[in-house]
């Protein structure tokens, strides 16, 4: 028997791969009754059937923001409070949606944690007594029934914060492996296309590309002759974007192309050979998993959780400094058959994150909790 599922999400994009999209897509494919409540924003309402099926989405006006949370409200939001749902699943900690969910009484509630690993900045905020974050943590412990995390490290964080171990469920970051695995190339061209896809914002570390390419140009001009750099992504920070795009254009000239926002991203992955992820901070690092599934060589920052996915030199490469990245580029340029071997290993790992496999376990939890 199908479950009646309600998803609460501050910002919901229907044209780009996200964890919540995959969860909801799977549940619709499995014939469950799905309702989504979220904020209204034309930027995120473009529809792509490849990413997301048709669904009942209730979008409400944005009143403002508070510490990153999007505050959305309309009097008609009271109506769903009187409807019956088997399970309410909220994305994520420290959002307006996580508070709105508390108004629904007598229903099983799950929430996606966003605490990261023990000792991380979000963990320390949650641990600090008297802060809004620690108060919210206490509400979540009191009013939510289950908590989903990405991995064992995040599970440990919740345990240290006093969440009951038996209520914490690991739900891995997700990709559509079948779709992305079809984007691999059988052979490398003479010119290697290096791709970067990210929101153009400081935390995505795109300024690190400038330092890397300066070193390439000054000390390894032979690399420059063999590569082309393709950057895709929405501009979230205008001044930062201007600095990054201007510097890369001056450095690389005709070897650099900025193609704007690409949603969905599949055509982008189809044309690149190497994916560079220079992020300073990541939550799920879905882009890394997409690149691995697409059979690309991934060069990424040696940060959590990327270093849980990539084993350096085995199924991809990790770098701490621009010098490291240049050495890796040297190595890739001179690769022969090893390129294919590393790409194949990356795909084998990424298969574990296919949304259909991950969501099977989540569906069983929904069914057990609802008594269906």
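Numbering (the working numbering), first residue to last: 33 to 404. Backbone N, C-alpha and C fix where the C-beta goes; we use that ideal spot for every residue, glycine too.
Residue i, buried or exposed, once every other Cβ within 10 Å from all chains shown has been counted against 16
i, result
"residue 81", "exposed"
"residue 144", "buried"
"residue 33", "exposed"
"residue 379", "buried"
"residue 107", "exposed"
"residue 12", "Since the displayed the chain opens at 33 and closes at 404, residue 12 lies outside it and no answer follows."
"residue 305", "buried"
"residue 490", "No information on residue 490 is available, as it lies outside the stretch 33 to 404 that the chain covers here."
"residue 389", "exposed"
"residue 386", "buried"
"residue 286", "exposed"
"residue 382", "buried"
"residue 153", "exposed"
"residue 325", "buried"
"residue 167", "exposed"
"residue 210", "exposed"
"residue 311", "buried"
"residue 95", "exposed"
"residue 319", "buried"
"residue 163", "exposed"
"residue 297", "buried"
"residue 345", "exposed"
"residue 120", "buried"
"residue 205", "buried"
"residue 172", "buried"
"residue 244", "buried"
Member of the options whose CA lies at the smallest distance from the CA of residue i
i, options, result
"residue 361", "214, 260 and 298", "260"
"residue 39", "46, 98, 52 and 33", "52"
"residue 66", "171, 375 and 36", "36"
"residue 60", "286, 202 and 87", "87"
"residue 237", "351, 121 and 213", "351"
"residue 273", "154, 79, 230 and 307", "230"
"residue 262", "246, 293 and 247", "293"
"residue 202", "190, 68 and 171", "190"
"residue 71", "161, 101 and 49", "101"
"residue 42", "309, 68 and 269", "68"
"residue 299", "56, 161, 249 and 213", "213"
"residue 340", "255, 185 and 290", "185"
"residue 90", "99, 110, 98 and 97", "110"
"residue 187", "225, 147 and 129", "147"
Three-state secondary structure assigned by DSSP to residue i
i, result
"residue 386", "strand"
"residue 145", "coil"
"residue 334", "coil"
"residue 106", "coil"
"residue 75", "helix"
"residue 405", "For residue 405 there is no data in the structure shown, the boundaries of the chain being 33 and 404."
"residue 43", "coil"
"residue 168", "helix"
"residue 136", "coil"
"residue 64", "coil"
"residue 177", "coil"
"residue 238", "coil"
"residue 214", "helix"
"residue 263", "strand"
"residue 70", "strand"
"residue 124", "coil"
"residue 320", "helix"
"residue 344", "strand"
"residue 193", "coil"
"residue 304", "coil"
"residue 51", "helix"
CB contact flag (residue i, residue j, <8 Å)
i, j, result
"residue 316", "residue 301", "no"
"residue 193", "residue 159", "yes"
"residue 216", "residue 348", "no"
"residue 175", "residue 336", "no"
"residue 104", "residue 92", "yes"
"residue 342", "residue 357", "no"
"residue 395", "residue 62", "yes"
"residue 177", "residue 199", "yes"
"residue 242", "residue 277", "no"
"residue 208", "residue 54", "yes"
"residue 258", "residue 219", "no"
"residue 227", "residue 307", "yes"
"residue 266", "residue 303", "no"
Any non-hydrogen atom of the ligand HEM within 7 Å of residue i CB
i, result
"residue 128", "Among the components of this structure there are no ligands whatsoever, and the ligand HEM is therefore not found."
Whether or not the segment 110–124 and the segment 135–150 are in contact is what I'm after, with contact meaning three or more pairs of Cβ atoms, one per stretch, closer than 8 Å; do they touch? At 8 Å Cβ cutoff, the stretches touch.
Does the structure place the segment 181–197 close enough to the segment 366–379 that three or more beta carbon pairs sit under 8 Å? Flag = no, the segment 366–379 and the segment 181–197 do not touch.
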